[in-house]
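Number of protein chains: 2
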Amino acid sequence: MSSKNRSVTLKDVSKLANVSPATVSLVMNGKPGVGAETRERVLQIAEALEYRPNLVARSLVNGRSKLIAMLISSTRNPMFPELAEGVDQALKARGYTLSIIPTGDDEKLEARELGALRYRGFDGVITSSTLINNRELHKLVESGFPVMSVLRRDYSCKNLDYVVLDGIKGGYIAMEHLIRLGHQQIGIIKGPQETSTGIERLKGALWAMADYGIQASDPLIRGGDFFSASGYAAVMDMMRLPPRESPSAIYACNDDMAVGAFDALWDLNIKVPEDVALVGFNNTAVTALKSVAITTVSLNKIEMGRQAADHLIDIIEQEGGERQPFAVMLKPELVIRKTCGFSQMGRYLLEKIKEEDKRIFP
Amino acid sequence: MSSKNRSVTLKDVSKLANVSPATVSLVMNGKPGVGAETRERVLQIAEALEYRPNLVARSLVNGRSKLIAMLISSTRNPMFPELAEGVDQALKARGYTLSIIPTGDDEKLEARELGALRYRGFDGVITSSTLINNRELHKLVESGFPVMSVLRRDYSCKNLDYVVLDGIKGGYIAMEHLIRLGHQQIGIIKGPQETSTGIERLKGALWAMADYGIQASDPLIRGGDFFSASGYAAVMDMMRLPPRESPSAIYACNDDMAVGAFDALWDLNIKVPEDVALVGFNNTAVTALKSVAITTVSLNKIEMGRQAADHLIDIIEQEGGERQPFAVMLKPELVIRKTCGFSQMGRYLLEKIKEEDKRIFP
DNA sequence: AATATCAGCTTAAACGTTTAAGTAGAATTG
DNA sequence: CAATTCTACTTAAACGTTTAAGCTGATATT
Numbered sequence: 001m002s003s004k005n006r007s008v009t010l011k012d013v014s015k016l017a018n019v020s021p022a023t024v025s026l027v028m029n030g031k032p033g034v035g036a037e038t039r040e041r042v043l044q045i046a047e048a049l050e051y052r053p054n055l056v057a058r059s060l061v062n063g064r065s066k067l068i069a070m071l072i073s074s075t076r077n078p079m080f081p082e083l084a085e086g087v088d089q090a091l092k093a094r095g096y097t098l099s100i101i102p103t104g105d106d107e108k109l110e111a112r113e114l115g116a117l118r119y120r121g122f123d124g125v126i127t128s129s130t131l132i133n134n135r136e137l138h139k140l141v142e143s144g145f146p147v148m149s150v151l152r153r154d155y156s157c158k159n160l161d162y163v164v165l166d167g168i169k170g171g172y173i174a175m176e177h178l179i180r181l182g183h184q185q186i187g188i189i190k191g192p193q194e195t196s197t198g199i200e201r202l203k204g205a206l207w208a209m210a211d212y213g214i215q216a217s218d219p220l221i222r223g224g225d226f227f228s229a230s231g232y233a234a235v236m237d238m239m240r241l242p243p244r245e246s247p248s249a250i251y252a253c254n255d256d257m258a259v260g261a262f263d264a265l266w267d268l269n270i271k272v273p274e275d276v277a278l279v280g281f282n283n284t285a286v287t288a289l290k291s292v293a294i295t296t297v298s299l300n301k302i303e304m305g306r307q308a309a310d311h312l313i314d315i316i317e318q319e320g321g322e323r324q325p326f327a328v329m330l331k332p333e334l335v336i337r338k339t340c341g342f343s344q345m346g347r348y349l350l351e352k353i354k355e356e357d358k359r360i361f362p
Numbered sequence: 001m002s003s004k005n006r007s008v009t010l011k012d013v014s015k016l017a018n019v020s021p022a023t024v025s026l027v028m029n030g031k032p033g034v035g036a037e038t039r040e041r042v043l044q045i046a047e048a049l050e051y052r053p054n055l056v057a058r059s060l061v062n063g064r065s066k067l068i069a070m071l072i073s074s075t076r077n078p079m080f081p082e083l084a085e086g087v088d089q090a091l092k093a094r095g096y097t098l099s100i101i102p103t104g105d106d107e108k109l110e111a112r113e114l115g116a117l118r119y120r121g122f123d124g125v126i127t128s129s130t131l132i133n134n135r136e137l138h139k140l141v142e143s144g145f146p147v148m149s150v151l152r153r154d155y156s157c158k159n160l161d162y163v164v165l166d167g168i169k170g171g172y173i174a175m176e177h178l179i180r181l182g183h184q185q186i187g188i189i190k191g192p193q194e195t196s197t198g199i200e201r202l203k204g205a206l207w208a209m210a211d212y213g214i215q216a217s218d219p220l221i222r223g224g225d226f227f228s229a230s231g232y233a234a235v236m237d238m239m240r241l242p243p244r245e246s247p248s249a250i251y252a253c254n255d256d257m258a259v260g261a262f263d264a265l266w267d268l269n270i271k272v273p274e275d276v277a278l279v280g281f282n283n284t285a286v287t288a289l290k291s292v293a294i295t296t297v298s299l300n301k302i303e304m305g306r307q308a309a310d311h312l313i314d315i316i317e318q319e320g321g322e323r324q325p326f327a328v329m330l331k332p333e334l335v336i337r338k339t340c341g342f343s344q345m346g347r348y349l350l351e352k353i354k355e356e357d358k359r360i361f362p
């Protein structure tokens, strides 16, 4: 069918319409300075030829590509899908398109990708994989490139805009929940301390413990890396403690580790929540499954992505204006499911009764 | 710090090096025709100025942007993360960057986005959300734009390259597994019949039933849309059938629906696998959880993404050559977990024991 | 020694837009 | 009616590359 594959250009339209390319450009961009009839004619011809402006050429001249990069740790990070959905919603609404750049939380790669953003033609970047004290990010921000940090942030980067969750509050309410249910020996599986989320979610929990006069015992606080395996290992370890030192509840600083913990408890034949309570963080999709039902701290990831993207575009599009800092801190909410007891009480009693039955009627 | 934000260009380098821009271009691209000393000098100056070629300008002249689009239904589709990981691996290795375009499986939007790909400057597209008989896709392929279909395909689109899973075989082995475990009344939760996956996974299962002489009963075959809620609804419905018509096993054409089914069985207090066996499809992350452990059909999503991306780039980069069709069909494997019995045996023994009990202690 | 070949450069056009500056003619003004 | 302002255009430069074609002087060929 198609012989020559060159697409229709501004010039093609201008020739057919007997006007200069400049005029066509004015028409296509709805700018004034063109007579009504001419405008109409050009529009019709453009329509007929199915003319579409070449965005690459346009980018070159006005230095805007309408391309936004999203730096993430991995597409498999369970936060990513919803975050990206929010970002995509906002971008689509304003005519931008989204590129994703997974970095695997590899510092080198992240630095390289950050440095490459500008000359690759991106208009701005949303980064969700920021580690604390990221020099390259620093440089990028200082150079005036539009950057929005989401989920995590870098305290050391003064001019970095962000929209994050209040991790301290989140950690606080998670821990408070466990304490109020009567737990005194509480295990904590930390996140990496090079991330703001890792730091804050721990800090909040420790605050709650302090407020309620509960001793935080060192052997119950374990390092984790936000991946499920580290949660599994941490629990396997904790549970080796002598019974009176072992936890009756565990707070994992994210859901992945909570799921790992859940699996470990399962393997150890420890009943959740009857024997050990568990609370996670992020309200990731898995936690909502009926057979998992992990109590967790929820945050609106879609909203977070949307706000970040929307404001990033604001920044990009308001050229001259003094750029004032943008910092949003969303509020966490506790989602109470089944891993912390209470609702399980009924079931627990039921089983006790069954056991009695068996003894009485063997 | 930074006053003027214009980045370093080829010209800046050429001026400092006292050569023409053309020479710098040759050097930067490692092309011949430049003397050793000159080359060295240019390289050093470029290095010193931190010169990076402007990819937008480059794209404009050689018509290649090194941008690949990936059309997906949603970032929340559980297949997406791994698929994208594979794609990203291949793209990164060859210097391309990935844009994702969620379409929500909305036909209009998908058509629009497909049509826009070329003038947005993409070099090619990987589509995983293709519905059957997609006119716009047809047009795009016929126009010679590099397209690779992954996961799903469109039978009606003759020149569409693809890398997919053998869905028929997958459906077959899933169903065969249930049959071999002794099930005769098997419920099926279908996928949408406008997708190749929906069609094939059903067809394969029906073949297996036919091969083993098992009647497929209409009320046990329910429509689904690949989302969890439809699996839930299907099971709720099926289980309302009179006991002798209700299924002892269920085959869901994807894991999302299997999870929905799992939840429904949970709510109905029907034990899996003791009372009803369940098999899913895709080997999605959730199914591997210890407390879920759904038996499912596995496919290597990362590999699938990688192959698709890799070959797409091959197509893009071999300009002239006759483009011959590329079609890969990966082999499915059954991942046996805990939702299909084997405990069937346990149940059998248990019932025998109960009967004995009743006789002895009436 | 005249000619061909070649390495090592430069020139200039091209890619498809946008936009500042220019122009011709019509309309408005004093 | 001459001067001014507008309107509706056009011209041409610019964005930052690539690349075909051209040029120059040196080396190789006959």
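As they're listed, the protein sequences go chains X and Z. Numbering follows the working numbering, in which position 266 of the first sequence is assigned residue number 266; successive positions increment by one, without gaps. Numbering follows the working numbering, in which position 250 of the second sequence is assigned residue number 250; successive positions increment by one, without gaps. Ideal Cβ placement from N, Cα and C applies to all residues, glycine included.
Measure how close the beta-carbons of residue i and residue j come, nearest whole angstrom, since I'm counting them as under 8 Å.
i         : j         : result
Z/Leu-402 : Z/Ile-294 : In this structure chain Z extends from 1 to 362, so residue 402 of chain Z is not present and cannot be described.
Z/Ala-174 : Z/Ala-205 : 6 Å
X/Val-276 : X/Ile-313 : In fact, because the Cβ distance is near 46 Å, the residues do not count as touching under 8 Å.
X/Asp-225 : X/Pro-78  : Rounded, the Cβ-Cβ distance is 14 Å, inconsistent with contact.
X/Glu-85  : Z/Thr-75  : 5 Å
Z/Ala-90  : Z/Arg-306 : 5 Å
Are the C-beta of residue i and some C-beta of chain X separated by less than 8 Å?
i         : result
Z/Pro-53  : yes
Z/Ile-101 : yes
Z/Tyr-96  : no
Z/Asn-18  : no
Z/Ala-93  : no
Could you tell me whether any Cβ in chain Z is nearer than 8 Å to the Cβ of residue i?
i         : result
X/Phe-262 : yes
X/Arg-347 : The predicted model places X/Arg-347 with a pLDDT of 45, which falls under 50 and marks its position as unreliable; any figure quoted below should be read in that light. Answer no: the Cβ-Cβ gap between X/Arg-347 and chain Z never drops below 8 Å.
X/Asp-275 : no
X/Glu-385 : Lying before the first or after the last residue shown, residue 385 of chain X is absent from chain X, which here runs from 1 to 362.
X/Trp-207 : no
X/Arg-306 : no
X/Lys-15  : no
X/Arg-118 : yes
X/Thr-295 : no
X/Ser-291 : yes
X/Glu-107 : no
How many Å lie between residue i and residue j at the Cα?
i         : j         : result
X/Ile-315 : X/Gly-144 : 11 Å
X/Glu-317 : X/Arg-64  : 10 Å
X/Met-304 : X/Leu-330 : 8 Å
Z/Glu-107 : X/Gly-191 : 42 Å
X/Gly-33  : X/Pro-102 : 46 Å
Z/Leu-241 : Z/Leu-137 : 42 Å
X/Leu-202 : X/Ala-210 : 12 Å
X/Leu-151 : Z/Trp-266 : 34 Å
Z/Ile-214 : Z/Glu-176 : 11 Å
Z/Glu-274 : Z/Thr-339 : 9 Å
X/Ser-20  : X/Met-28  : 13 Å
Z/Ile-221 : X/Gly-115 : 54 Å
Z/Thr-9   : Z/Val-61  : 16 Å
X/Asn-54  : X/Gly-30  : 17 Å
Using C-beta distances below 7 Å, list every residue in its chain close to residue i, excluding the 5 sequence neighbours before and after it, in chain order.
i         : result
Z/Arg-153 : Thr-130, Leu-160, Tyr-162, Val-164 and Ser-196
Z/Ile-199 : Gln-193
Z/Val-272 : Phe-262, Leu-265, Leu-278 and Thr-339
Leaving aside the five residues before and after residue i along the sequence, list all residues of the same chain whose C-beta is less than 6 Å from its C-beta, in chain order.
i         : result
X/Ser-73  : Asp-105 and Ser-129
X/Glu-185 : According to the sequence shown, residue 185 of chain X is Gln rather than Glu. Excluding positions up to five away in sequence, the list reads Pro-247 and Ser-248.
Please list, in chain order, all residues of the same chain as residue i whose beta carbon is under 8 Å from its beta carbon, the five residues on each side excluded.
i         : result
Z/Gly-122 : Reading off the sequence, residue 122 of chain Z comes out as Phe, not Gly. Around Z/Phe-122: Ser-65, Leu-67, Ile-68, Ala-69 and Ser-99.
X/Asp-12  : Leu-49 and Tyr-51
Z/Glu-142 : Asn-159
Z/Leu-117 : Ala-69, Val-125, Leu-140 and Phe-145
Z/Ile-270 : Met-239 and Val-276
TODO: Can you check the stretch 187 to 247 of chain Z for any alpha helix (DSSP H) of at least 4 residues that lies completely inside it and give the ranges in chain order?
DONE: 196 to 211 and 228 to 238
Open item on the list: As an exercise, report each continuous alpha helix (DSSP H) stretch of at least 4 residues that is fully enclosed by the stretch 280 to 327 of chain Z, in chain order.
Closed with: You should have 301 to 317.
Task: Contiguous alpha helix (DSSP H) assignments of at least 4 residues, all confined to the stretch 36 to 110 of chain Z - done: 36 to 49, 55 to 62 and 80 to 93
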